[in-house]
Amino acid sequence: MQFVEANGARIPAIGLGTWELRGRTCARVIEQAIKLGYRHIDTAQVYENERDVGEGIRASHVPRNEIFVTTKIWTTHFAPHNLERSVKESLTRLRMSEVDLLLLHWPSSQVPLDETLGALAHARRLGLTRHIGVSNFTVTLIEQAIAACPEPLVCDQVEYHPYLDQAKVRTACSDNGLALVAYSPIAKGNVRGDDTLAAIGRAYGKSAAQVCLRWLVQQGAVAIPRTSKVERLSENIDVFDFMLSEHEMATISALSRSDGRLTDYGFAPKWD
Numbered sequence: 047m048q049f050v051e052a053n054g055a056r057i058p059a060i061g062l063g064t065w066e067l068r069g070r071t072c073a074r075v076i077e078q079a080i081k082l083g084y085r086h087i088d089t090a091q092v093y094e095n096e097r098d099v100g101e102g103i104r105a106s107h108v109p110r111n112e113i114f115v116t117t118k119i120w121t122t123h124f125a126p127h128n129l130e131r132s133v134k135e136s137l138t139r140l141r142m143s144e145v146d147l148l149l150l151h152w153p154s155s156q157v158p159l160d161e162t163l164g165a166l167a168h169a170r171r172l173g174l175t176r177h178i179g180v181s182n183f184t185v186t187l188i189e190q191a192i193a194a195c196p197e198p199l200v201c202d203q204v205e206y207h208p209y210l211d212q213a214k215v216r217t218a219c220s221d222n223g224l225a226l227v228a229y230s231p232i233a234k235g236n237v238r239g240d241d242t243l244a245a246i247g248r249a250y251g252k253s254a255a256q257v258c259l260r261w262l263v264q265q266g267a268v269a270i271p272r273t274s275k276v277e278r279l280s281e282n283i284d285v286f287d288f289m290l291s292e293h294e295m296a297t298i299s300a301l302s303r304s305d306g307r308l309t310d311y312g313f314a315p316k317w318d
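Quick note on the numbering used here: the sequence shown kicks off at 47 and runs consecutively.
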């Protein structure tokens, strides 16, 4: 496993996303992932699976301090008097005393950003989380958040894959010492049928998905692919034994397109 270091955090470069995983399936996949070598598990309040995530981690019998756990605060809990309570409820569901990384899940115009970030920083000071960050923040919002937060932010978690150009966000993160954490890193499985990625992969004995994940890792990003299939777990983490050329990296980057975003923003709060 490789790691990405950002403002004091040491984040495993490949993790497991858990969006839409619930119940015994969620716990089983997490248990198997950890046994295969995963040390980074990502969840969120709105996923409604924090309890299952905690069960899967405990079932692996790997010491808690060896696993990097992220959860995210939903926007309805952004008011300072709600944020701390909601984080403690998340920890109760996870059956943990702290998480490794606590993120604001989406920007929200309903609560002033400086108030929310002050409460997020306070949660870190209370020992509820080791590190804090944001998710789905634009370049402008990243800069506003850094200026307003009294504690260091370590990442912005955003949708990122070859079909979506995130160069501006990448630059903003890099300039400020933040990691970029990529969700939907294999474009919800769409890369598996990509001829360009498959052709590159053949030279290394790798799949299109592995080439995609390697492309992210070589940029210094963290990738958290989600899968409910145990057989995909080994594939997604087996990306540290080959190196893409500069030409191959550029060829993959050229796959981006204007309609490449896959996230359904209909369920998420809007921001100004």
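Backbone N, C-alpha and C fix where the C-beta goes; we use that ideal spot for every residue, glycine too.
- The three-state reading of DSSP puts SER280 in helix, counting H, G and I together.
- Sequence-distant partners of ILE188 (beyond 5 residues in either direction) whose C-beta falls short of 6 angstroms from its own C-beta, in its chain, are ASP202, ALA218.
- The Cβ atoms of LEU62 and GLY100 do not sit closer than 8 angstroms to each other.
- When only Cα atoms are considered, LEU163 and ALA191 end up about 7 angstroms apart.
- When DSSP states are grouped into helix, strand and coil, GLU135 belongs to the helix group.
- Separation of the CB atoms of GLU77 and GLY102 is rounded to 5 angstroms, and the pair is thereby assigned contact status at 8 angstroms.
- The region 158–176 makes no contact with the region 63–71, as fewer than three CB pairs between them are under 8 angstroms.
- THR175 sits buried, since 16 or more C-beta atoms from the chains shown fall within 10 Å of its C-beta.
- For SER181, the enclosing beta strand (DSSP E) covers residues 175–181.
- Between PHE114 and PRO198, the gap from beta carbon to beta carbon reaches 8 angstroms or more.
- A straight line joining the alpha-carbon of GLY173 with that of ASP240 spans about 44 angstroms.
- A distance of 8 angstroms or more separates the beta carbons of ALA79 and ALA105.
- Exposure of GLU112 is indicated by the presence of fewer than 16 other C-beta atoms within 10 angstroms of its C-beta.
- Within the region 65–134, the complete beta strand (DSSP E) segments of 3 residues or longer fall at 86–88, 114–119, listed in chain order.
- Here the region 118–135 does not lie against the region 206–222, with fewer than 3 beta-carbon pairs under 8 angstroms apart.
- Linking GLU292 to ILE298 through their CA atoms gives a straight-line distance of about 10 angstroms.
- Within its own chain, the residues whose Cβ lies closer than 6 angstroms to the Cβ of ALA254, once the five positions on either side in sequence are excluded, are VAL237, ARG238, ASP240, LEU243, ALA244, GLY247, listed in chain order.
- Within the region 167–254, the alpha helix (DSSP H) runs of at least 4 residues that lie entirely inside it are, in chain order, 185–194, 213–221, 241–248.
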